[in-house]
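There are 2 protein chains.
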Amino acid sequence: MNNHLKDLRAAKGWSQAILAEKLDVSRQTVIAIEKGKYDPSLPLAFKIAGTFGLRIEDIFEP
Amino acid sequence: MNNHLKDLRAAKGWSQAILAEKLDVSRQTVIAIEKGKYDPSLPLAFKIAGTFGLRIEDIFEP
DNA sequence: CAGAAATGTAAAGTACCCTTTACTTAATCC
DNA sequence: GGATTAAGTAAAGGGTACTTTACATTTCTG
Numbered sequence: 001m002n003n004h005l006k007d008l009r010a011a012k013g014w015s016q017a018i019l020a021e022k023l024d025v026s027r028q029t030v031i032a033i034e035k036g037k038y039d040p041s042l043p044l045a046f047k048i049a050g051t052f053g054l055r056i057e058d059i060f061e062p
Numbered sequence: 001m002n003n004h005l006k007d008l009r010a011a012k013g014w015s016q017a018i019l020a021e022k023l024d025v026s027r028q029t030v031i032a033i034e035k036g037k038y039d040p041s042l043p044l045a046f047k048i049a050g051t052f053g054l055r056i057e058d059i060f061e062p
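Top to bottom, those sequences are chains A and B. Taken in order, the first sequence gives residues 1 to 62; the numbers are from UniProt numbering. Taken in order, the second sequence gives residues 1 to 62; the numbers are from UniProt numbering.
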């Protein structure tokens, strides 16, 4: 599954560490999702969408 | 995380087995998600939303 | 250039998603 | 009532999501 997390984060000027803190996950998790190593859980996907003020469908593409 | 999967499925008149087949997962997975035992993975959430012609946010509530 | 901040890689451990199999308990229908 | 279909429960196993720790590399900044 593809995603624009890295671009969205960059647009906000946030470091991976800052985003990880906002999402309440480890920095490793942010890295893994940005690099497409794996997809976030559904609850985390909701949290990500909420953090960026977008819908899940706007951030992730199956 | 809460969801209306059972109601949506009933509205379509589909059995758990039929829905499982449409989603390409086991019937156990359908049962577990309907009963809230756990949340689907993000890819499966997309598949569920697609199957019902809805958005993920319309089916699942954090 | 030196130091700091940001990003990336790796590995081991835990918990959760999903599977298969098997059995039990409704609900539906001749 | 007996048979069939649907729904529910349980348990073991594999793969994935996420953690922590540690170290290497790149990028920014003074």
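Yeah, the Cβ is synthetic: ideal placement off N, Cα and C, and Gly gets one too.
- Across the stretch 38–49 of chain B, CB contacts with chain A closer than 7 Å involve D39, P40, S41, L42, P43, A45 and F46, in sequence order along the chain.
- Contact between B:Q16 and B:V30 holds, since their C-beta atoms are separated by about 5 Å, short of 8 Å.
- Here B:E61 has M1, N2 and N3 as same chain residues with Cβ atoms under 8 Å from its own Cβ, once five neighbours each way along the sequence are excluded.
- A:P40 is classed as buried because its beta carbon has at least 16 other beta carbons within 10 Å across all chains shown.
- Under a criterion of Cβ atoms nearer than 9 Å, no residue of chain A is adjacent to B:R9; the nearest Cβ is some 18 Å distant.
- Using a CB distance cut-off of 8 Å, A:F60 counts as an interface residue toward chain B.
- Distance from the CA atom of A:R9 to the CA atom of A:L19, rounded to whole angstroms, is 7 Å.
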